[in-house]
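Protein chains in written order, with the working numbering: chain A, -19 to 442; chain B, 405 to 805.
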């Protein structure tokens, strides 16, 4: 009997534009782009230049901070541009994709009998290590730092998020294989988490060798750091790994078929999309290709195209590309409108955690929220809001204050290693003073991660 | 509203970066965002945001105070006509009170917002909505006949010394409205305490039997049977309690009606703006201390206050008003959920202690809240320390266990 953890805090933001459970191949993306900026704390060094021919599985760049992990091409084609920003920062590698994907043929590995080190090297050399990230920090895992646990979330609780079960449909064998490999490589227990409502009963039981933990409650129940906090909280110096379920299946495919699986399923969502649905596409594909068959709503101020969900995703625009870890694209209207006496209006169309708008009359209603801030930045005034959407035994406001004060000791005391920026997305959403806390946590983590990277470089003296 | 919107959008560049009136941007922004919600979209972080902002929050608190304000206006007139022994029609009573109270409200807002605007222009930051609530709270905790120049001084003191020197809304340690009241209390004690001030326009022309002492003082003196208060007499103790509950007794403008305050509390709790934790624990603390002190009433028969039934404390004086509108000020209260229980409970306890053991200060509630405002960070410190200790203990278990 799997245990169930009931989360009482959180918030499900009810939005219009949920993807229907039907999947279609997206139109072939002419170009794909792999962006080093999708990886936390990375110091990328490119391995290709414009004009190079690549196959699916050819390495594109590696991380000087963590040289074992390489990022490989999801498609075959020609490198058309190595995009750089100010100070020659590597922003992306753009590949003109072939009509049909040719894969680099890897040597086969006998995963059953291979030891953990051999398997680790196999994943690193063939592009699959990039799928394995750590808590804390959300950076790609260091292969030599073994985790205390591995978490694979069987559900995503973010607004309009795809059904993980649906993303895995038909890939169950590969998923199973991937879980086995993770257990072996990590040497730790693999937790497969499910949600009492989002998952079909008994779904997780099909995958042996994992410990299944069920959660109930609203977003951010699907956040791995929230789950870990309740399963096996991280102390200073401890690490856990996590991998998105679809990427687990891709690890499985690598082992089973000895090729890099560059495919990706995404949910195309949001109120500005006329046919929200799932698409079968490729990692790093262009928004243009994903939105080709859609008629975006005509709105006064245009639309915002987001790779990811509305809380944590990146605004990429019409010319942008799908993020490395994103399984969702959301399109919502921009909201630059000014509303006459809006602060006094009844607000039937305003979504709020509070009941200060008359929208409380319609508790089940779905909203087509825009990107409007609904107010201006203010000093922190209203207390008790963050705590309502923060399902951990952590004081979010006090932790943010410690971050604001650059007080690392207090950050550690208050649980900085147990949280991720995404856990603060709802705090940011509900904040009356419109304080942006995700970036605060991100910067605190960047500093601590930098210290970790530096400590690995220095020779140890006794 | 199109032309108005166009006007706002047309003048905006003059106040924006590089415009000729750049210095007065806070002023423009204050008015523009009052008329129209700001059109800013999100830039980083969450792409969508909750509909709430500080303007909405503060409007809700003001809305919650409206019942107390209206009943307060009526009561000011009611007490006046009772004290001078005249019969008056409902509208006359209300109009009398309104003409007494409105100037207080107007002066409070005019002076307070004026000071805020000046500070915002000097500092170049946006106008915060904090004073919208303080501006209404201050007249509600003042006696109806308070001279307007005193109110003006109190407001300036409260906004400058109570808030702006700390950095403005969100940074203050003491509740702004209570700072104003404390200023009045200590600077002009004759005009804000004693027997005469709680009824408007009585002067010398009071009717026979008039007494202006607070309800609890009367109770303590009479040994539990209050027959008269202000210009009215009560047939029974139940009548007295009822008058106190609906608010037809002398007192500060907005604090007499427990009923109106409860309506406000309901609005605050339902909308999620006011902390029910604080309100409930203040009431609980007051009751607990009241019962405890009752136990000593036999031993000290000289102090009639010891025998006051605990629920009287909740009904009379500023207790309910303080619990609902003052103690819940999120800036000056404890910030942690657990801390809120402790903070509220101690306010209730202290208010009753001061009332009973030192009746020279009839408004124990004000002093209790101000004291706990100062203590709130300490409470939070220990609550947070508890969380830290839990985490440290876990590390020990992980490394040794």
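Quick reminder that beta carbons are idealized off the backbone N, C-alpha and C, glycines included.
Keep in mind the model is a prediction, meaning the values are calculated, not measured.
For residue 426(B), return the contacting residues in chain A, with the cut-off set at a CB-CB distance below 8 Å. Result: empty, since nearest Cβ-Cβ is about 18 Å, beyond 8 Å.
Bridge-paired residues (DSSP) for residue 247(A): 258(A) and 308(A)
Is residue 319(A) close to chain B? Criterion is C-beta to C-beta, closer than 9 Å. yes
Helix, strand or coil, according to DSSP, for residue 779(B) in the structure here? helix
Are the CB atoms of residue 461(B) and residue 361(A) nearer to each other than 9 Å? yes
Residues in the same chain with beta-carbon distance under 6 Å from residue 219(A), minus the five sequence neighbours each way, listed in chain order, please. 114, 125 and 127
When the distance is taken between beta carbons, is residue 291(A) closer than 9 Å to residue 87(A)? no
Three-way DSSP call (helix, strand, coil) for residue 72(A) in this model: strand
Between which two residues does the alpha helix (DSSP H) carrying residue 418(B) extend? 406 to 419
Quick one: is residue 343(A) buried, meaning 16 or more other Cβ sit within 10 Å of its Cβ, or exposed? By the neighbour-count rule (16 or more Cβ atoms within 10 Å), residue 343(A) is not buried but exposed.
Where DSSP assigns a beta bridge to residue 114(A), which residues make up the other side? Beta-bridge pairing links residue 114(A) to 221(A).
For chain A, check one thing: does any of its Cβ atoms lie closer than 9 Å to the Cβ of residue 438(B)? yes
Determine the extent of the alpha helix (DSSP H) in which residue 663(B) is found, giving its start and end residues. 662 to 675
Check the Cβ-Cβ distances between residue 744(B) and every residue of chain A, and say whether any is below 9 Å. So yes, residue 744(B) belongs to the interface.
When the cut-off is 9 Å and only beta carbons count, does residue 417(A) lie next to chain B? For residue 417(A), the answer is yes, since a Cβ of chain B falls inside 9 Å of its Cβ.
Assuming residue 369(A) contacts residue -11(A) under a Cβ cut-off of 8 Å, what Cβ separation, rounded to an integer in Å, is found between them? 6 Å
C-beta neighbour in chain B for residue 213(A), strict 9 Å: yes
Where the beta strand (DSSP E) through residue 3(A) begins and ends: 0 to 5
Delimiting residues of the beta strand (DSSP E) encompassing residue 169(A): 169 to 175
Measuring CB to CB, does residue 27(A) end up less than 9 Å from residue 56(A)? Cβ atoms of residue 27(A) and residue 56(A): not closer than 9 Å.
Is the region 154 to 166 of chain A close to the region 176 to 190 of chain A, with three or more CB pairs under 8 Å? yes
Whose CA, out of 655(B), 444(B), 657(B) and 724(B), lies closest to the CA of residue 684(B)? 724(B)
Does residue 226(A) pass the burial test, meaning 16 or more other C-beta atoms within 10 Å, or should it be called exposed? buried
Residue 792(B) versus residue -17(A): straight-line alpha-carbon distance, rounded: 27 Å
Enumerated in chain order, which unbroken segments of the beta strand (DSSP E) with a length of 3 residues or greater are wholly contained in the region 273 to 306 of chain A? Within the region 273 to 306 of chain A, the runs of beta strand (DSSP E) that reach at least 3 residues and sit entirely inside it are, in chain order, 283 to 287.
Backbone secondary structure at residue 450(A) - three-state DSSP: Residue 450(A) falls outside the range modelled here, since chain A spans only -19 to 442, and no answer is possible.
Residue 806(B) and residue 748(B) closer than 9 Å at C-beta: Given that chain B is displayed from residue 405 to residue 805, the structure contains no residue 806(B) and the question cannot be resolved.
Check each residue of the region 402 to 414 of chain A: if its Cβ is closer than 7 Å to any Cβ of chain B, include it; give the result in chain order. 405, 408, 409, 410, 412, 413 and 414
Within a Cβ cutoff of 7 Å, which residues of the same chain sit near residue 405(A), ignoring the five residues on either side of it in sequence? 291, 292 and 418
Excluding the 5 residues flanking residue 738(B) on each side, which residues of the same chain have their C-beta closer than 6 Å to its C-beta? Once the five neighbours on either side are set aside, the close Cβ partners of residue 738(B) are 744, 747, 780, 783 and 784.
Exposure of residue 423(A), with buried meaning 16 or more beta-carbon neighbours within 10 Å: exposed
CA nearest to the CA of residue 53(A), picked from 304(A), 170(A) and 236(A): 304(A)
Tell whether a beta-carbon distance below 9 Å holds between residue 635(B) and residue 489(B). yes
Check the Cβ-Cβ distances between residue 334(A) and every residue of chain B, and say whether any is below 9 Å. Residue 334(A) counts as touching chain B.
Three-way DSSP call (helix, strand, coil) for residue 805(B) in this model: With a pLDDT of only 48 at residue 805(B), under 50, the local geometry of the prediction cannot be trusted, and the value read off the model is given with reservation. Three-state DSSP puts residue 805(B) in coil, outside helix and strand.
Taking only beta carbons into account, state which residues of the region 337 to 355 of chain A come closer than 7 Å to chain B, listed in chain order. 337, 349, 351, 352, 353, 354 and 355
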